[in-house]
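The listed protein sequences correspond, in order, to chains A and B. Using this note's numbering, you'd call the opening residue of the first sequence number 5 and step up by one each time. Using this note's numbering, you'd call the opening residue of the second sequence number 42 and step up by one each time. Below is one structure, written out as structure tokens, with a few remarks after it.
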Amino acid sequence: MSPLKDVDIAVGPQHPALKEPASFLVSLRGETITSVNVKVGYNHRGIEKATEDRTYLQNLYLLERICGICSHTHATCYVQAVEELAALEVPRRAQYIRMLVGELERLHSHLLWFGVAAHEIGFDTLFMYSWRDRELVMDLLANITGNRVNYSVNTIGGVRRDISAEQAADILKAMDTLEERIKYYINVATEETTLINRLSGVGVLSREDAASLGAVGPTARASGIPRDVRKDDPYCAYAELDFKVCVSDTCDVFGRTVVRLRELQESCSMIRQMLAALPEGPLTVKAPRKVPAGEAFSRYEAPRGEDVHYVRSNGTEKPDRVKVRAPTLANIQAVSKMLEDRFLADLPIVIAAIDPCFSCTDRMVEVRRRGARSRELMSWEELRRHGIEWYRARGVDMGTLSRKYITR
Amino acid sequence: MDKEQDVVAKMREIFPFPEGSIAVQRARRINAEFREGDFDDLFNRTVSAGEFTMLPAISGLDQGDCFAVIYHLAREDGIVLNLKRIVPKEKAEVRSVTRLFPCAELYERELMDMLGIAVNGLSAGRRYPLPEGWPEGQHPLRKDWNKESLDT
Numbered sequence: 005m006s007p008l009k010d011v012d013i014a015v016g017p018q019h020p021a022l023k024e025p026a027s028f029l030v031s032l033r034g035e036t037i038t039s040v041n042v043k044v045g046y047n048h049r050g051i052e053k054a055t056e057d058r059t060y061l062q063n064l065y066l067l068e069r070i071c072g073i074c075s076h077t078h079a080t081c082y083v084q085a086v087e088e089l090a091a092l093e094v095p096r097r098a099q100y101i102r103m104l105v106g107e108l109e110r111l112h113s114h115l116l117w118f119g120v121a122a123h124e125i126g127f128d129t130l131f132m133y134s135w136r137d138r139e140l141v142m143d144l145l146a147n148i149t150g151n152r153v154n155y156s157v158n159t160i161g162g163v164r165r166d167i168s169a170e171q172a173a174d175i176l177k178a179m180d181t182l183e184e185r186i187k188y189y190i191n192v193a194t195e196e197t198t199l200i201n202r203l204s205g206v207g208v209l210s211r212e213d214a215a216s217l218g219a220v221g222p223t224a225r226a227s228g229i230p231r232d233v234r235k236d237d238p239y240c241a242y243a244e245l246d247f248k249v250c251v252s253d254t255c256d257v258f259g260r261t262v263v264r265l266r267e268l269q270e271s272c273s274m275i276r277q278m279l280a281a282l283p284e285g286p287l288t289v290k291a292p293r294k295v296p297a298g299e300a301f302s303r304y305e306a307p308r309g310e311d312v313h314y315v316r317s318n319g320t321e322k323p324d325r326v327k328v329r330a331p332t333l334a335n336i337q338a339v340s341k342m343l344e345d346r347f348l349a350d351l352p353i354v355i356a357a358i359d360p361c362f363s364c365t366d367r368m369v370e371v372r373r374r375g376a377r378s379r380e381l382m383s384w385e386e387l388r389r390h391g392i393e394w395y396r397a398r399g400v401d402m403g404t405l406s407r408k409y410i411t412r
Numbered sequence: 042m043d044k045e046q047d048v049v050a051k052m053r054e055i056f057p058f059p060e061g062s063i064a065v066q067r068a069r070r071i072n073a074e075f076r077e078g079d080f081d082d083l084f085n086r087t088v089s090a091g092e093f094t095m096l097p098a099i100s101g102l103d104q105g106d107c108f109a110v111i112y113h114l115a116r117e118d119g120i121v122l123n124l125k126r127i128v129p130k131e132k133a134e135v136r137s138v139t140r141l142f143p144c145a146e147l148y149e150r151e152l153m154d155m156l157g158i159a160v161n162g163l164s165a166g167r168r169y170p171l172p173e174g175w176p177e178g179q180h181p182l183r184k185d186w187n188k189e190s191l192d193t
């Protein structure tokens, strides 16, 4: 029999593991991957160039739309740089509200990731549990900011929304439920043998490779590198909070899972601390329209890792240059290493394990009835009711299922 | 800010920075500007003497009369050195730093695509972030570029 020949297959730009485009040219020998050539850039929208034609405030809303999941990340990272250039001292209450929304964003992002990861390995029950619990966080974000994503909480010099005592109580109540569920997920991840066996030794990235390839966030921390901007280069008021940097030395997808689940616990604890110590005072300071010439480099620990923004001002009301380096760009370079000499079947979960970004921004649906000329708008509440009734008409009652099978 | 001042002192030992071209901006932020000399040697020595273990980003700028490339170097203790290298427009090229920081590959490809700065010593690979088939000589982050430039 003749020996196996290498085969090249193109995975992407549209492919099963991601909702966003990226291309992986994979060379295979049998079922083993010999090399991977990654191509990104399909989502390049010219946002950095566009910032040069907009005012600092307009850019805040533009940059918040870089990502549908970690929108607050980009908005905060950018606004910190602008505030540094304008020498603004952001009120402490505003700093706390920024952190609060930031940690809620981490909760929903990690829960979303956990669901996607479970789906990639065929554990769809866990996927649905995790996404159900993510809705608790999404409801909190909608409650306190008016939006499920793109919360627009920041403004230059502070925040646009306050937290009332009732909202704080709602958040604490949701934390009770979430903390219990997160504990359950940690038990599942660390005790359920199918999950452990499927994720252990998969997508290995040694500590040395993680360091030299510039991996960030949970990807780096699961390779034993205890880096976290909130600890190393604290922004907002993170220096006032008590939290652990979660690391794992397993260097595989299993480690990345455990790190993210433990980070959920840390975020809940931080949210409790913030609400207990929420300072009184104003929400904003007045920001100038024109920003003095200068340069600022801002860092932020996004759910996926370090996000950086560089802003150069020239004394006008528009920036001279805004540079963004999002965490996935830092982590994507490690993916080829994680896949080398591994099975093709591991490709979806390995790619998903760096948690590359995708959007979930729809909260209002425009309906055009067949034949009708006019359009109707469906609100979030109507859409939700429509979904429940659609299933009910087909004999599935989610409420009953939930009461029957879900503990509590 | 003793640690930051230590880094500045070490940088001054490595290279005779003219007055005003290196300064501590605030806690954990140092800015330095390099105009003439052996940049590659300065970069290598800065990384080892300053204990910089990370290169979170490289920013390319069109400053009108010249380009600039800022290497944002970071240490484990949170100190960031924004090392700016001025690049003349008539000789828009730099040397790759991927030997020290393999992670720099995509950041350097971005310099090539978006500003048209040549990066010598970068291994062959697919372009980033502009699409295959993007016209030659069109670099969107140059100040004289606008979308009408594509029609010419």
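Built from N, CA and C at the ideal position, the CB exists for glycine as well.
Whole-Å CB distance - residue i paired with residue j, under 8 angstroms assumed
| i | j | result |
| --- | --- | --- |
| A219(A) | L265(A) | Not confirmed; about 19 angstroms, so no contact. |
| G161(A) | V94(A) | 6 angstroms |
| R150(B) | R168(B) | 6 angstroms |
| L130(A) | A122(A) | 4 angstroms |
| F28(A) | V15(A) | 4 angstroms |
| A334(A) | E299(A) | A334(A) to E299(A), Cβ: 21 angstroms. No contact. |
| F127(A) | L199(A) | 7 angstroms |
| I186(A) | L268(A) | 5 angstroms |
| W135(A) | G119(A) | 4 angstroms |
| D246(A) | E117(B) | No, D246(A) and E117(B) are not in contact; Cβ-Cβ is about 21 angstroms, not under 8 angstroms. |
| V208(A) | C255(A) | 5 angstroms |
| L89(A) | I167(A) | L89(A) to I167(A), Cβ: 28 angstroms. No contact. |
| H313(A) | C71(A) | Actually they do not touch by this definition, with Cβ atoms about 13 angstroms apart. |
| L217(A) | Q337(A) | 5 angstroms |
Cβ-Cβ distance between residue i and residue j below 8 angstroms
| i | j | result |
| --- | --- | --- |
| E60(B) | I127(B) | no |
| E45(B) | I111(B) | no |
| A109(B) | Y148(B) | no |
| E146(B) | T139(B) | yes |
| P286(A) | R164(A) | no |
| I55(B) | R86(B) | yes |
| R449(A) | N158(A) | Nothing about residue 449(A) can be read from this structure; chain A reaches only from 5 to 412. |
| A226(A) | S252(A) | yes |
| P331(A) | S317(A) | no |
| T77(A) | E107(A) | no |
| R325(A) | L102(B) | yes |
| R69(A) | N154(A) | yes |
| S75(A) | E344(A) | no |
| R293(A) | A357(A) | no |
| V88(B) | I71(B) | no |
| A133(B) | G157(B) | yes |
| L279(A) | L176(A) | yes |
| A68(B) | M95(B) | no |
| M382(A) | I392(A) | no |
| H48(A) | P170(B) | yes |
Within chain D, the residues that residue i reaches when beta carbons sit closer than 8 angstroms
| i | result |
| --- | --- |
| P176(B) | Considering every chain present, this structure includes no chain D. Its protein chains are A and B. |
Segment limits, beta strand (DSSP E) that includes residue i
| i | result |
| --- | --- |
| G119(A) | That residue, G119(A), is in no beta strand (DSSP E); its alpha helix (DSSP H) goes R96 to E124. |
| M42(B) | No beta strand (DSSP E) contains M42(B), which DSSP labels as neither H nor E. |
| P129(B) | V121 to P129 |
| Q66(B) | I63 to R67 |
| F56(B) | That residue, F56(B), is in no beta strand (DSSP E); it is neither H nor E in DSSP. |
| T36(A) | T36 to K43 |
| F127(A) | Counting along the chain, F127(A) falls outside any beta strand (DSSP E), and DSSP gives it neither H nor E. |
| V160(B) | A159 to N161 |
| I229(A) | Where I229(A) is concerned, there is no enclosing beta strand (DSSP E), given that its DSSP letter is neither H nor E. |
| K327(A) | R325 to R329 |
Range of the contiguous alpha helix (DSSP H) that encloses residue i
| i | result |
| --- | --- |
| Y304(A) | Careful: Y304(A) lies outside any alpha helix (DSSP H), inside the beta strand (DSSP E) at G298 to A306. |
| F75(B) | Per DSSP, F75(B) belongs to no alpha helix (DSSP H); it is in the beta strand (DSSP E), R70 to F75. |
| H113(B) | From DSSP, H113(B) is part of no alpha helix (DSSP H) but of the beta strand (DSSP E) over C107 to A115. |
| F84(B) | F80 to A90 |
| A169(A) | A169 to E195 |
| A356(A) | L351 to A356 |
| V11(A) | Taken as a continuous stretch (DSSP letters only), V11(A) belongs to no alpha helix (DSSP H), being part of the beta strand (DSSP E) at D10 to V15. |
| H76(A) | S75 to L89 |
Any non-hydrogen atom of the ligand GTP within 7 angstroms of residue i CB
| i | result |
| --- | --- |
| D256(A) | Absent from the structure shown: the ligand GTP. Ligands present: none. |
At a CB distance below 8 angstroms, what residues from the region 48-63 of chain B approach chain A? Give them in sequence order. none
So if I threshold CB-CB distances at 8 angstroms, which residues from the region 80-99 of chain B count as touching chain A? T94, M95, L96, P97 and A98
Decide if the region 134-143 of chain A is in contact with the region 296-305 of chain A; the criterion is three or more beta carbon pairs, one per stretch, under 8 angstroms apart. no
Are the region 348-356 of chain A and the region 15-35 of chain A touching by the rule of at least three beta carbon pairs closer than 8 angstroms? yes
Under 8 angstroms: do the region 52-70 of chain A and the region 313-333 of chain A share three or more Cβ pairs, one atom per stretch? yes
Contact residues within the region 153-179 of chain B, judged by C-beta distance below 9 angstroms to chain A: D154, M155, G166, R167, R168, Y169, P170, L171, P172 and E173
Any C-beta of chain A within less than 9 angstroms: which residues of the region 117-140 of chain B qualify? E117, D118, G119, I120, V121, N123 and K125
Contact list for the region 60-78 of chain A against chain B, Cβ threshold 8 angstroms: Listed in sequence order: no entries.
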